[in-house]
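Under our numbering, the first residue of the sequence shown carries the number 1233, and numbering increases by one thereafter. Where a beta carbon is used, it is the ideal one built from N, C-alpha and C, also for glycine. As the structure is a prediction and not an experimental result, all values here were calculated from the model. Single-structure report; data block below.
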Amino acid sequence: MNRESPLIEKIQELKRARNAIILSHNYQLGEIQDIADFVGDSLELSQSAARTHADVIVFCGVHFMAETASILCPDKTVLLPDIHAGCPMADMVTAEALRRRKQELPGATVVTYINSSAEVKAESDYCCTSANAVKVIQSLDSTEQILFVPDQYLGAYIESRTGRKMVLWPGYCPTHLRILPQHIERLRQEYPQARVMVHPECRPEVAALADVVLSTGGMCRYARESEAQEIIVGTEMGLIHRLRKENPGKRFIPVSEQAICPRMKLITLEKVLWSLEEMSPLVKVPEETRLKAKRAVDRMLAIGR
Ligand code: 13P
Ligand code: SF4
1233 MNRESPLIEK
1243 IQELKRARNA
1253 IILSHNYQLG
1263 EIQDIADFVG
1273 DSLELSQSAA
1283 RTHADVIVFC
1293 GVHFMAETAS
1303 ILCPDKTVLL
1313 PDIHAGCPMA
1323 DMVTAEALRR
1333 RKQELPGATV
1343 VTYINSSAEV
1353 KAESDYCCTS
1363 ANAVKVIQSL
1373 DSTEQILFVP
1383 DQYLGAYIES
1393 RTGRKMVLWP
1403 GYCPTHLRIL
1413 PQHIERLRQE
1423 YPQARVMVHP
1433 ECRPEVAALA
1443 DVVLSTGGMC
1453 RYARESEAQE
1463 IIVGTEMGLI
1473 HRLRKENPGK
1483 RFIPVSEQAI
1493 CPRMKLITLE
1503 KVLWSLEEMS
1513 PLVKVPEETR
1523 LKAKRAVDRM
1533 LAIGR
């Protein structure tokens, strides 16, 4: 869709009238990324929400990301253009189930991936994203027992990088699970000069075949800075749009065109416009939960990338 389309003009007009900012995750549809004020990974988006002077944040991503913006900016209006855009991995742990597990592991430090509900974050000691998970774990005392929630594959990757054994919650990302070792092996044969980058939500057998394992923001930086002219990309397809736009001279080969997150794709330009018109659907974390969840998120932000 070109920038002059009436739909986009209306969005821009309303955005100005409402003093709104549009944040987009790297997995959003290309046309959403193209109208956003900021496109990034989970960590960059939460940092960007924490910094903004806008009154309204239109969050083009999934529910936990909008909740994180609400946790950090309680005075702002946070809109999620489709309230059904949830993350299936985040739904693999509830606060109730986490409380039960904590009783079985008294004294354990709970480190929770940002892909989780605000209630689950409220039960956690630290939050992390794929960009800073290794750093968060390295910041903890080596004698502490760690319960890592909910992504078992990100957890396994951290274990391999830090040498620390953790208790892993058995969650996973159904989209990244579609990426298989044979996909990478086949593409390596086809593109022998290419570098391979994958997301830490991939299976360990996939991560073991990659040259680098990075968050989506880390992949954007790697693509810019690396000498490689061909890069095989093991993550959700939406990132390919940004990689090609920012690096027109380089070739990006998706590991699997089936790696599509259906919930991310629920956000469309029409829904962005409607959400600004109607100022809904709203995402607002109740104050008691927000204050507890904020402790874990603030500890993460203090550690940084
Ligand atoms: P990033 O923080 O690396 O963008 O990942 C978020 C996500 O949901 C990956 O599936
Ligand atoms: Fe959740 Fe996976 Fe979609 Fe990321 S790609 S939002 S982890 S389902």
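Which listed residue (the options) has its alpha carbon closest to that of residue i
i, options, result
"Val1430", "Val1487, Glu1422 and Pro1306", "Val1487"
"Tyr1389", "Lys1334, Ser1447, Val1515 and Ser1371", "Ser1447"
"Asn1479", "Leu1501, Lys1367, Cys1452 and Gln1490", "Cys1452"
"Pro1313", "Val1529, Leu1514, Met1532 and Ala1525", "Leu1514"
"Ala1460", "Arg1495, Glu1468, Ile1472 and Asp1443", "Asp1443"
"Glu1241", "Leu1501, Val1517 and Met1532", "Leu1501"
"Leu1261", "Arg1474, Gln1370, Met1511 and Thr1467", "Arg1474"
"Ala1426", "Ala1455, Thr1407 and Ala1363", "Ala1455"
"Val1517", "Glu1433, Glu1510 and Ala1525", "Ala1525"
"Arg1281", "Glu1263, Ile1267 and Ala1301", "Residue identity check: residue 1281 is Ala in the sequence provided, not Arg. Checked all of Glu1263, Ile1267 and Ala1301; the closest Cα to Ala1281 is Ala1301."
"Thr1407", "Leu1246, Gly1466 and His1316", "Gly1466"
"Ala1363", "Leu1255, Lys1503, Gln1279 and Gln1421", "Gln1279"
"Ser1356", "Leu1330, Leu1304, Ile1472 and Leu1255", "Leu1330"
"Ala1249", "Asp1287, Leu1255 and Ala1354", "Asp1287"
"Arg1419", "Gly1293, Leu1441, Val1399 and Leu1400", "Residue 1419 is actually Leu in this sequence, not Arg. If we check each option's Cα against that of Leu1419, Leu1441 comes out closest."
"Cys1185", "Asn1251, Gly1293 and Leu1246", "A question about residue 1185 goes unanswered here, because the residues of the chain that appear run from 1233 up to 1537."
"Gln1370", "Trp1506, Glu1263 and Arg1396", "Arg1396"
Cβ distance (whole Å) where residue i is taken to contact residue j below 8 Å
i, j, result
"Ile1253", "Asp1269", "5 Å"
"Asp1373", "Asn1347", "About 25 Å; that fails the 8 Å criterion."
"Arg1393", "Val1366", "5 Å"
"Pro1216", "Arg1495", "Nothing can be reported for residue 1216: it is not among the residues displayed for the chain, which extend from 1233 to 1537."
"Glu1433", "Tyr1358", "Contact flag wrong, Cβ pair sits at about 19 Å."
"Ala1491", "Glu1468", "5 Å"
"Ile1289", "Leu1239", "Their Cβ separation, rounded to whole angstroms, is 20 Å, which puts Ile1289 and Leu1239 out of contact at 8 Å."
"Thr1284", "Met1511", "The Cβ separation is near 17 Å, so there is no contact."
N- and C-terminal bounds of the alpha helix (DSSP H) containing residue i
i, result
"Gly1387", "Gln1384 to Thr1394"
"Ile1267", "Gly1262 to Ile1267"
"Met1532", "Glu1519 to Ile1535"
"Arg1248", "Pro1238 to Ala1249"
"Pro1436", "Pro1436 to Ala1439"
"Ala1354", "Ala1350 to Ala1354"
Limits of the unbroken beta strand (DSSP E) element including residue i
i, result
"Ile1538", "No answer is possible for residue 1538: the residues shown for the chain start at 1233 and end at 1537."
"Ile1411", "No beta strand (DSSP E) holds Ile1411; DSSP gives it neither H nor E."
"Gly1272", "Phe1270 to Gly1272"
"Ile1369", "First-last for Ile1369: Ala1365 to Gln1370, but that is the alpha helix (DSSP H), not the beta strand (DSSP E)."
"Lys1359", "According to the sequence displayed, residue 1359 carries Cys and not Lys. That run of the beta strand (DSSP E) goes Tyr1358 to Cys1360."
"Tyr1345", "Thr1341 to Tyr1345"
"Leu1379", "Ile1378 to Val1381"
"Met1429", "Arg1427 to Val1430"
Any non-hydrogen atom of ligand 3 closer than 7 Å to residue i Cβ
i, result
"Thr1344", "Ligands present in the displayed structure are limited to ligand 1 and ligand 2, and ligand 3 is not among them."
Decide if the stretch 1339-1352 is in contact with the stretch 1367-1386; the criterion is three or more beta carbon pairs, one per stretch, under 8 Å apart.
yes
Check: Is it true that the stretch 1436-1449 meets the stretch 1409-1419, where meeting means three or more beta-carbon pairs spaced less than 8 Å apart?
Finding: The stretch 1436-1449 is in contact with the stretch 1409-1419.
**Report entry** Complete beta strand (DSSP E) runs within the stretch 1456-1517 (minimum length 3 residues, chain order)
**Finding:** 1462-1466 and 1483-1486
Are the stretch 1525-1535 and the stretch 1319-1332 touching by the rule of at least three beta carbon pairs closer than 8 Å?
-> The stretch 1525-1535 is not in contact with the stretch 1319-1332.
*Determine contact between the stretch 1271-1282 and the stretch 1481-1499, defined as no fewer than three beta-carbon pairs at a distance below 8 Å.*
As far as the Cβ criterion goes, the stretch 1271-1282 does not touch the stretch 1481-1499, which means the pair count is below three.
_Please give the ranges of any beta strand (DSSP E) in the stretch 1285-1334, keeping only runs that are unbroken, at least 3 residues long and fully inside the region._
1288-1292 and 1309-1311
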